[in-house]
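Comments concern the structure below.
Residue numbers (our numbering): 5 to 142.
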């Protein structure tokens, strides 16, 4: 996939340094749970409270970080959209906390809808879904 992936946003739970090195080998831009990047917020779910209302805690953290796309760790792969935000849990490439390893790619182009590619390993086969989302970044 050289030249196809421009950035990896990792929400943690790598389990081994080999996984980090492999992900870093896929592209030159690699972020690992460090915080705010442009219009993208990145965190692990343990920082979200109240956990009893997960979607509301995502909204609160999104406002605090002042971002449009909020990526958080919480297997399995899930996506929630609102008028002004995308909330994405990319799942886990290692299958941590789920039996289905997964990751997500976001295609972000100025003034165009964000496109989400969902990758899941189901029964030894790679399942890929493409979704055009409502949000466009300015």
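Don't be surprised by glycine CBs; every beta carbon is placed ideally from N, CA and C.
Note that the structure is a prediction, hence the values are computed from the model and not measured.
Just to check my reading of the structure: residue 81 and residue 108 have Cβ atoms closer than 8 Å, yes? What is that Cβ distance to the nearest angstrom?
6 Å
Along the chain, where does the alpha helix (DSSP H) that runs through residue 58 open and close?
58-69
The beta strand (DSSP E) enclosing residue 46, as first and last residue numbers:
44-48
Using 8 Å for Cβ pairs, my map puts residue 95 next to residue 106. What's the rounded Cβ distance?
3 Å
Would you mind listing the beta strand (DSSP E) stretches within the region 69-142 that are 3+ residues and don't spill past its ends, in chain order?
73-77, 82-86, 89-93, 106-111, 117-126, 129-140
Are residue 125 and residue 90 close, meaning C-beta to C-beta below 7 Å?
no
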